[in-house]
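Asks: Have a look at this one.
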Amino acid sequence: MSDGSKDLLNFWEDQMKQSHTSSNYFFRKSPSHYHMMLLVMSAYKLNEKLSVEGLKTKLFKTSRPKSALIINEACEKGFFRLEKTSTDQRIKNIMPSETFINEFKEYLNTLKKISY
Numbered sequence: 009m010s011d012g013s014k015d016l017l018n019f020w021e022d023q024m025k026q027s028h029t030s031s032n033y034f035f036r037k038s039p040s041h042y043h044m045m046l047l048v049m050s051a052y053k054l055n056e057k058l059s060v061e062g063l064k065t066k067l068f069k070t071s072r073p074k075s076a077l078i079i080n081e082a083c084e085k086g087f088f089r090l091e092k093t094s095t096d097q098r099i100k101n102i103m104p105s106e107t108f109i110n111e112f113k114e115y116l117n118t119l120k121k122i123s124y
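When you read off a place in the sequence shown, starting at 1, and then add 8, the result is the number in the working numbering.
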């Protein structure tokens, strides 16, 4: 095993040892969880509005009820927050919390340092 792959393996194992309430664990439960994280963070990075319904539509191979459960759980855990729009109070945009933004940035910085 090369040193780079050992670094990657160690990184993954360290991530999975973290608390089961952490975002690292939550967003790795399934491909749908991880995809949701990437969609929300991509919209945030591009300064685009992403509605809850829009997010449900973009998640492939995930039913709308399952998507709603994942979104609700992410909000309950404080990773995302919902914001009503000023034009239509029925539409809620999904935003990452400040805490999660910082965790995500730290995660990306760590990944950049790993060579494979």
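Note that CB positions come from ideal geometry on N, CA and C, so glycine has one too.
1. Just to confirm the assignment, what range does the beta strand (DSSP E) spanning Lys-66 have?
2. What is the DSSP secondary structure of Lys-100, counted as helix, strand or coil?
3. Starting from Lys-69, trace the beta strand (DSSP E) in both directions and tell me its first and last residue.
4. Since Leu-116 is in the alpha helix (DSSP H), which residue starts that stretch and which ends it?
5. Are there 16 or more other CB atoms within 10 angstroms of the CB of Leu-63, so buried, or fewer, so exposed?
6. Compute the distance between the beta-carbons of Phe-19 and Ile-109, then report whether it is under 8 Å.
7. My output table needs one value for Phe-35: the three-state DSSP class, helix, strand or coil.
8. Which class does Leu-17 belong to by DSSP, given the choice of helix, strand or coil?
Replies: Based on what the coordinates show:
1. Where Lys-66 is concerned, there is no enclosing beta strand (DSSP E), although the alpha helix (DSSP H) it sits in stretches over 60-66.
2. The DSSP-derived three-state label of Lys-100 is strand.
3. Premise fails: Lys-69 is in no beta strand (DSSP E) and is neither H nor E.
4. 106-121
5. Burial check for Leu-63: the Cβ neighbour count within 10 Å reaches 16 or more, so the residue is buried.
6. no
7. coil
8. helix
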